[in-house]
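Count along the sequence shown starting at 1, add 169, and that's the number in our numbering.
Glycine included, each C-beta is placed from N, C-alpha and C at the ideal position.
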Amino acid sequence: MTTLTFQIEGLSCAGCVARAEKALGSAAGVQAAQVNLADETARVDVDGALQDVVGALQKAGYPAREQGVVLDVAQMTCAGCVRRVEQALANGPGVLSAEVNFASETATVRYLEGAITPEDLLALSAKAGYPAQLQQAEGPTVDRKADEVAQLRRDVCIAAVLALPVFVVEMGAHLFPPFHHWLMAHFNMSAVHMAQWALTTILLAGPGRQFYLKGFPALFRGAPEMNSLVAIGTGAAYVFSVVSTFAPGWLPTGTANVYFEAAAVIVVLILVGRWMEARAKGRTGEAIRQLMQLQPPVARVERHGGVQEVPIAQVVVGDVLHLRPGERVAVDGHVLDGHSYVDESMMSGEPTPVAKSATDAVVGGTINGQGSLRYRAEKVGADTILSQIITMVRDTQGAKLPVQARVDRITAVFVPVVIGISALTFFVWLMVGPQPAFGHSVVAAVAVLIIACPCAMGLATPTSIMVGTGRAAQLGVLFRKGEALQGAQACRVVAFDKTGTLTKGLPSLTDFHVTPSHFADEVLRLAASVEQGSEHPLARALVQAAETRGMALAECTAFEAHVGFGVSGTVQGQRVMVGAQRFMAAEKLDASHLHAQAAALAEQGKTPIFVAVDRGVVAVVAVSDPVKPSAKATIKALQARGLSVAMISGDARQTAKALAAQLGVDHVVAEVMPAGKVDAIETLRTRFGPVAFVGDGINDAPALAAADVGVAIGTGTDVAIEAADVVLMSGDVRGVVTAYDLSQRVMRNIGQNLFWAFGYNVALIPVAAGVLVPLGGPALSPMFGAGAMALSSVFVLSNALRLRRVQPALAEEKEV
């Protein structure tokens, strides 16, 4: 039973308190619940899952306040460490979830506000043996990793200097008999062994002590990890050698051999592996660091009648900033005056600079060209696009893919199983091994302990995720959710919204057919007067056409937007309706006299729009939306990768089919209401399998959420972006191919890493145990095992780092 006190929202009266208490009382595992209106807290006695409590409050309309925090966790060395830190944090009172990323050495914790504090979480991690600190808002510092690399380099150098004489004396005597004879002639072997003991003791007590300080406490807690394997293995070799040196009579006759060189060299090799691993880990987070370095430290702001340089943190919304040639834009805003070209490749992945002048938007972190600009700050701090990109990338890098769950289950039992195999190896060799059996038993058991590598298992997935998502961000593709990284490559069909996705979303009026009883200009003025209240791209086309002709638009009253149909309103006493043919049919208006013209326009790929005045259909106009230059190449590239491509549109069937034929789309779903897009996705999923949907508008948000992977065009609405799993920052649909390609590459990379990590252990642990010896095969030296184990982690990291070289799947195409 746990008693929790945490904050809840939405309380305004005693009735709220009663309803919240009733909701809590109905949750599974809750024995007692008390809600306090004054401080908006709930006190709950619960012995069940907190998710049930949170869900009950959410359903009742009084959600529990949740907080999230990211911790930098030190001294993790393998996948077993990850599991123990997660368990320690998850067992904290009020903790809803805890996810630890071995590659980035961070823990992301979500908890109930008031039930536990970040300081409590730090204490839980430290108690488990892994000191932690709160990650600063600007993210993990480069210095922390650099300090770790420097410390490991020092440890390696010291350990190598101490181990070299031990290795040369012992192994040189075995490999080169004349050297052995020279040693026997000039030195007493007891003195040689004493010297080896002294050097090895200093090595293990100095650079090697970290293995024992972490490994043995973990073993005594019943939660052994990689350090425990190294501590037991090298400790066994060292103790056996000490007894052989100082009390050989305690051992069976003929077994008093020393293995100081094994303990010393094993520590050196594992330290070398950790040094290389730390260096490689530092490179996996390079994308985040590069993004963080894009924001300039200072900005030139108009203050007190002049222009002053102020720290970026002191810039506030509304400030007017000056931007000189070659400088980085400090924060997001809009240009007031000036003209220049700005390199926005950090956001879009495209190298071509973008022209900027008055009213144009500028984004913090982008690089100004040769001109000078004045701009007004509109988003600062965490609200800037750059900060949001960093947050999204960091969140995704810290996510666990579904494939990781299987890895976690295996690593949870891996170290105890290895210790068991080592013990079994010792006793089998002791009973049936050749003489001196005791010495062979120790060597084989130590080799089993040292060869095992849970490090590689723990690094296999998170390193690929970190490097892959970081590179994707550099190419203008943001994976907002970790699951999308695995899910994208599993999609079998990609469905595109039409307007603003495959087309530019900037339609223009191309044709105007009016009945003989009306004047075209008057009908256009009436239609535009109604449409000026709509944000739809087709509405903007009509308004722009009227303004281009110099028409003064009239006031529209009783305006109504009929979603998926059109708009209506009253203009100067006349009831005007503008919309699709289905709108006219729904209002029971006869438009048959204009059907032929509408059909002809649709066959040309244009969108026909009907205009009715006082319930008489008086005109059909055509609006054409230019196709994006990269749309056709994107569709071909997806089809070349074995994907089906569909287009979902609210346009007339003929119009949609004409555009689909032009682009080479496989399947067309036309005349779809916004709510119908979800049904269309379900139909495609039933027919083909997992569906990716690409859209940009508010009406695309349900479809983006319903798809297996929702891809939002970054130039679209915030609602669409929030509903999506992947965001294309440039607004270029070629990013869909890049996203699919990166997803495939990352998952293939993860598969390679896991195959190596598990295959390595499956193949070499039996060899280390000596199963090949009875067949005439080799016995594995513990030193060779240590080297192989170190190289295993380095291989996984090096393989993941190859993803940094991934290029966009489609080359940039210039618009003709």
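Original post:
Can you name, in chain order, every residue of its own chain whose Cβ lies under 6 Å from the Cβ of E513, other than the five neighbours on each side?
Top reply: The sequence position of residue 513 within the sequence shown is 344, counting from 1. Taken in chain order, the residues that qualify are V523, T535.
Original post:
Which value, in whole angstroms, describes the spacing of the CA atoms of Q976 and V582?
Top reply: For this step, residue 976 is matched to residue 807 along the sequence shown. For this step, residue 582 is matched to residue 413 along the sequence shown. Rounded to the nearest angstrom, the two C-alpha atoms are 39 Å apart.
**OP:** Leaving out five residues on either side along the sequence, give the residues of the same chain with a beta carbon under 8 Å from the beta carbon of H491.
**Re:** Position 322 of the sequence shown holds residue 491. Hits under 8 Å: R469, V470, E471, V476, S541, L542, R543.
Subject >> Limits of the beta strand (DSSP E) - the one that I619 falls within >> reply: Position 450 of the sequence shown holds residue 619. Where I619 is concerned, there is no enclosing beta strand (DSSP E), although the alpha helix (DSSP H) it sits in stretches over 606 to 620.
**OP:** Enumerate in chain order the residues of its own chain whose CB-to-CB distance from A969 is below 7 Å, with the five nearest sequence positions on each side excluded.
**Re:** The count along the sequence shown starts at 1 and reaches residue 969 at position 800. If we look at A969 and ignore the five residues flanking it on each side, its Cβ neighbours are T453, T632, S633, V636, N918, N922.
Original post:
According to DSSP, is N426 helix, strand or coil?
Top reply: Within the sequence shown, the letter at position 257 stands for residue 426. Coil, per DSSP.
**OP:** Check whether the Cβ atoms of G298 and R252 lie closer than 9 Å to each other.
**Re:** For the purposes of this step, residue 298 is taken as residue 129 along the sequence shown, with counting starting at 1. For the purposes of this step, residue 252 is taken as residue 83 along the sequence shown, with counting starting at 1. The criterion of a C-beta distance shorter than 9 Å is not satisfied by G298 and R252.
Original post:
Cβ of C185 within 8 Å of any heavy atom in the ligand ZN?
Top reply: Of the ligands one can find in the structure shown there are none, so the ligand ZN has no counterpart to examine.
Original post:
Between the beta-carbon of G954 and the beta-carbon of A937, is there less than 9 Å?
Top reply: Residue numbering aside, residue 954 sits at position 785 when the sequence shown is read from its first letter. Residue numbering aside, residue 937 sits at position 768 when the sequence shown is read from its first letter. With contacts defined as CB atoms closer than 9 Å, G954 and A937 qualify as a contacting pair.
Original post:
Along the chain, which unbroken stretches of the alpha helix (DSSP H) at least 4 residues long are found entirely within the segment 621 to 651?
Top reply: Within the segment 621 to 651, the runs of alpha helix (DSSP H) at least 4 residues long that lie entirely inside it are, in chain order, 623 to 643.
Subject >> Burial state of V434, where buried means 16 or more other Cβ atoms lie within 10 Å >> reply: The residue given as residue 434 occupies position 265 in the sequence shown. Buried, because 16 or more other Cβ atoms sit within 10 Å of the Cβ of V434.
**OP:** Can you grab the Cα-Cα spacing for the pair V712 / L693, in whole Å?
**Re:** Counted from its first residue, the sequence shown places residue 712 at position 543. Counted from its first residue, the sequence shown places residue 693 at position 524. When rounded, the distance between both Cα atoms is 9 Å.
**OP:** My understanding is that M916 touches Q655, with C-beta atoms under 8 Å, so please give their C-beta distance in whole angstroms.
**Re:** Here residue 916 refers to the residue found at position 747 of the sequence shown. Here residue 655 refers to the residue found at position 486 of the sequence shown. The pair is a contact, with the Cβ atoms about 6 Å apart (cut-off 8 Å).
Original post:
By Cβ distance, which residues of its chain are closer than 6 Å to L593, with the 5 residues on each side in sequence left out?
Top reply: Taking the first residue of the sequence shown as 1, we reach residue 593 at position 424. Excluding residues within five positions, none has a Cβ falling inside 6 Å.
Subject >> Bridge-paired residues (DSSP) for D488 >> reply: Counting from one through the sequence shown, the residue named residue 488 turns up at place 319. Answer is none; D488 lacks a bridge partner.
Subject >> First and last residue of the uninterrupted alpha helix (DSSP H) at V915 >> reply: For the purposes of this step, residue 915 is identified with residue 746 of the sequence shown, where counting begins at 1. That run of the alpha helix (DSSP H) goes 903 to 938.
Original post:
Mapping DSSP to helix, strand and coil, what is R822?
Top reply: Taking the first residue of the sequence shown as 1, we reach residue 822 at position 653. Helix, per DSSP.
Subject >> Cutoff 6 Å; reference F336; Cβ partners in own chain excluding five residues on either side >> reply: Here the question's residue 336 lines up with position 167 in the sequence shown. E430, V434.
**OP:** Hey, could you find the ends of the alpha helix (DSSP H) E724 is sitting in?
**Re:** Taking the first residue of the sequence shown as position 1, residue 724 is located at position 555. Segment: none, E724 is in no alpha helix (DSSP H) and carries neither H nor E.
**OP:** Give the single residue among V786, Q766, S761, A760 whose Cα lies nearest to the Cα of Q743.
**Re:** One-based indexing of the sequence shown puts residue 743 at position 574. The shortest C-alpha separation from Q743 is found at V786.
**OP:** Could you tell me which residues DSSP puts in a beta bridge with K525?
**Re:** As a first step, residue 525 is located in the sequence shown; it is residue number 356 there, counting from the start. Paired residues: S509.
Subject >> Where L970 falls: helix, strand or coil (DSSP) >> reply: Here residue 970 corresponds to residue number 801 of the sequence shown, with the count starting at 1. Helix at L970.
Subject >> C-alpha gap between P393 and F385, whole angstroms >> reply: Working through the sequence shown from its first residue, we reach residue 393 at position 224. Working through the sequence shown from its first residue, we reach residue 385 at position 216. Taking the straight line joining both Cα atoms gives about 8 Å.
Original post:
Roughly how many angstroms lie between the CA atoms of I371 and V330, to the nearest whole one?
Top reply: By 1-based counting over the sequence shown, the position of residue 371 is 202. By 1-based counting over the sequence shown, the position of residue 330 is 161. The C-alpha of V330 is placed about 11 Å away from the C-alpha of I371.
**OP:** Would you check if the distance between the CB atom of K548 and the CB atom of G502 is smaller than 9 Å?
**Re:** For the purposes of this step, residue 548 is taken as residue 379 along the sequence shown, with counting starting at 1. For the purposes of this step, residue 502 is taken as residue 333 along the sequence shown, with counting starting at 1. The Cβ atoms of K548 and G502 lie closer than 9 Å to each other.
Subject >> Of the listed residues G589, V796, A189, nearest to K230 (C-alpha basis) >> reply: For the purposes of this step, residue 230 is identified with residue 61 of the sequence shown, where counting begins at 1. Rather than Lys, the amino acid found at residue 230 in this sequence is Gly. Nearest in C-alpha terms to G230, of all of G589, V796, A189, is A189.
**OP:** Kindly indicate which three-state DSSP category Q713 falls into: helix, strand or coil?
**Re:** Your numbering for residue 713 matches position 544 in the sequence shown. The three-state reading of DSSP puts Q713 in helix, counting H, G and I together.
**OP:** Using a threshold of 9 Å, state whether the C-beta atoms of V242 and A328 are closer than that.
**Re:** Looking up residue 242 in the sequence shown gives position 73. Looking up residue 328 in the sequence shown gives position 159. No. Outside cutoff.
Original post:
Among residues of its own chain, excluding the 5 on either side of A306, which ones have a beta-carbon nearer than 8 Å to its beta-carbon?
Top reply: The residue you call residue 306 lines up with position 137 of the sequence shown. Residue confidence for A306 is low, a pLDDT of 47 falling below 50, so the modelled location carries little weight and cannot support an answer.
**OP:** Inspect the beta-carbon positions of G879 and G864 and report whether they are closer than 9 Å.
**Re:** Counting from 1 along the sequence shown, the entry for residue 879 is found at position 710. Counting from 1 along the sequence shown, the entry for residue 864 is found at position 695. It is a contact, given that the beta carbons lie within the stated cut-off.
Original post:
Cβ of A893 within 9 Å of Cβ of R575?
Top reply: Reading the sequence shown from its first residue, position 724 is the one you call residue 893. Reading the sequence shown from its first residue, position 406 is the one you call residue 575. R575 sits away from A893, with the two beta carbons spaced by 9 Å or more.
**OP:** Under 6 Å Cβ to Cβ from R971, same chain only, skipping five residues before and after it: list those, please.
**Re:** In the sequence shown, counting from the first residue as 1, residue 971 sits at position 802. Around R971: no qualifying Cβ.
**OP:** Return the residue from the list A201, D910, A621, G900 that minimises the CA-CA distance to M958.
**Re:** Working through the sequence shown from its first residue, we reach residue 958 at position 789. Residue A621 is the option with its Cα nearest to M958.
**OP:** Could you check which residue in V484, V847, I817, A844 has the C-alpha nearest to that of V837?
**Re:** Position 668 of the sequence shown, counting from 1, holds the residue named residue 837. Selected option, being the one with the closest Cα: I817.
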